Structure formats: structure tokens, C-alpha cells
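Colleague:
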Amino acid sequence: MKTFQKKVLNLLTKIPKGKITTYKIIAQKLNTKAYRAVGNILNKNKDPINYPCYKVIKSNGKIGGYSNGIKNKIKLLKKAGLKIKENKIKNFKEYLFFFK
């Protein structure tokens, strides 16, 4: 596994229950503008249990993609207590997690 990939996946483990983050926030935490690279890494995530990539959404609050299907991503987000309407998280800014 490449170093950048490890860093992205390790950040996923720091997102608290009931919180989400964005591809952009992850990239910024890693001092890069490679938002798409972050998305590609998450799309290839083979261990969504230990690395919960479903907690990462687009900066505009839209759900974004998920390797196990968007319906499954929505199901997981709802299970975590988030409200979703038309593939967008309602009041998503109150659920946003920023890494320290």
C-alpha cells in the first residue's frame, strides 16, 4: 500500500460516529489539492468495515459515490443518524468533522 493511500485510509478511522467529512477536507489535512485522488482511493477501499469510506461526502453535501452502491451508503449514513433527502445530507455542515 502506498504512503498517501495509507494516510487517507487512516484518517477515516478518526471520524467519530455520527459525523462525516469531505474529500476536500481529507485532501487539505494531507496538504494537497488531490481531492479526486482521495476519491479514487476510497473507491478502491477493500475494507469498508475498518476504513469507513461511506462517511466521506462531496463538499456540497451530496452523497457522492460508494463502491458498494449509493443505496448502501445512504443506508449506512441513515443508520448513523444522518437525515438524507434527494441524495443530499440535510444540514450537513452540522455533521462535518474537521481533523485537528
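Taking the working numbering, I'd label the letters of the sequence shown as residues 1 to 100.
Glycine residues also receive a C-beta, built at the ideal position from the N, C-alpha and C atoms.
Being a predicted model, the structure only gives us computed values, none of them experimental.
1. From the DSSP output, in three-state form, read off leucine 76 for me.
2. Could you spell out where the alpha helix (DSSP H) holding leucine 42 opens and where it closes?
3. Determine the direct distance from the alpha carbon of valine 8 to that of lysine 71, and round the result to whole angstroms.
4. Considering Cα atoms alone, identify which of Asn40, Lys83, Tyr35 is closest to glutamate 94.
5. With respect to the alpha helix (DSSP H) encompassing phenylalanine 4, which residues constitute its N-terminal and C-terminal limits?
6. Counting Cβ pairs closer than 8 Å, one from the segment 51-63 and one from the segment 17-32, do we hit at least three?
Modeller: In brief:
1. helix
2. Here the alpha helix (DSSP H) through leucine 42 covers 35-43.
3. 23 Å
4. Lys83
5. 3-12
6. yes
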